[in-house]
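Peer 1: Before we start, here is the structure in question, set down as structure tokens.
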Amino acid sequence: MKTLVVLSCLLALTTARMAYVLSSGYEEVVGQVVQGFSCEGRPYGYYADVDNACRLFHVCVPIYDDQGQITTVDQFTFMCGNQTMFSQESLTCTSSVDSFPCNEAPTLYDLVNSEFGRIPEGESRR
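Mapping of the sequence shown onto mature numbering (1 follows the signal peptide of the UniProt record, and there is no 0): residues -16 to -1, 1 to 110, in sequence order.
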């Protein structure tokens, strides 16, 4: 039983923080990657990576303890498909013509991510 617990903890440590872990061949799609974005201090949400021309985006997931305190923030990095970029406005990978300007993405971080889990007035859960 102790072995199972130890293995579970090690698995959690290796998979919980996947910042900048991308599929093989990513260089052909996104080029050289700048590892400058951090989820520390950020709430749950999706974040365009401006340092990488929004070809990458991150999902930040705060992890809480039993007292409701954040113990760590997990970061997962994803890349958009060839010739697309992450639009902070729609939280999707789109063509650069249809996308919110990458350099302005941080201005929408709080606004767009604050909508997660919110049910608009007049609508009910189904």
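Glycine included, each C-beta is placed from N, C-alpha and C at the ideal position.
Restricting to runs no shorter than 3 residues, where is the beta strand (DSSP E) found entirely within the segment 4 to 48?
Peer 2: List check, beta strand (DSSP E) in window: 29 to 32 and 40 to 48.
Peer 1: Helix, strand or coil for residue 96 per DSSP?
Peer 2: The answer is helix: DSSP assigns residue 96 an H, G or I state.
Peer 1: Taking DSSP as the reference, what is the three-state secondary structure of residue 91?
Peer 2: If DSSP states are grouped into helix, strand and coil, residue 91 belongs with the helices.
Peer 1: Can you name, in chain order, every residue of its own chain whose Cβ lies under 7 Å from the Cβ of residue 90, other than the five neighbours on each side?
Peer 2: Hits under 7 Å: 34.
Peer 1: What is the rounded straight-line gap between the Cα of residue 66 and the Cα of residue 51?
Peer 2: Spanning the two alpha carbons is a distance of roughly 43 Å.
Peer 1: Does the distance from the CB of residue 84 to the CB of residue 77 come in under 9 Å?
Peer 2: The answer is no: Cβ separation not under 9 Å.
Peer 1: Kindly indicate which three-state DSSP category residue 77 falls into: helix, strand or coil?
Peer 2: Note: residue 77 maps to strand in three-state DSSP.
Peer 1: Count the other CB atoms within 10 Å of the CB of residue 9; is the residue buried (16 or more) or exposed (fewer)?
Peer 2: Exposed, because fewer than 16 other Cβ atoms sit within 10 Å of the Cβ of residue 9.
Peer 1: Can you check whether the CB of residue 97 is closer than 9 Å to the CB of residue 31?
Peer 2: Cβ distance < 9 Å, so residue 31 and residue 97 count as in contact.
Peer 1: Can you name, in chain order, every residue of its own chain whose Cβ lies under 7 Å from the Cβ of residue 37, other than the five neighbours on each side?
Peer 2: The answer, listed in chain order, is 69 and 86.
Peer 1: For the beta strand (DSSP E) that residue 58 lies in, which residues bound it at each end?
Peer 2: Note, residue 58: beta strand (DSSP E), 54 to 63.
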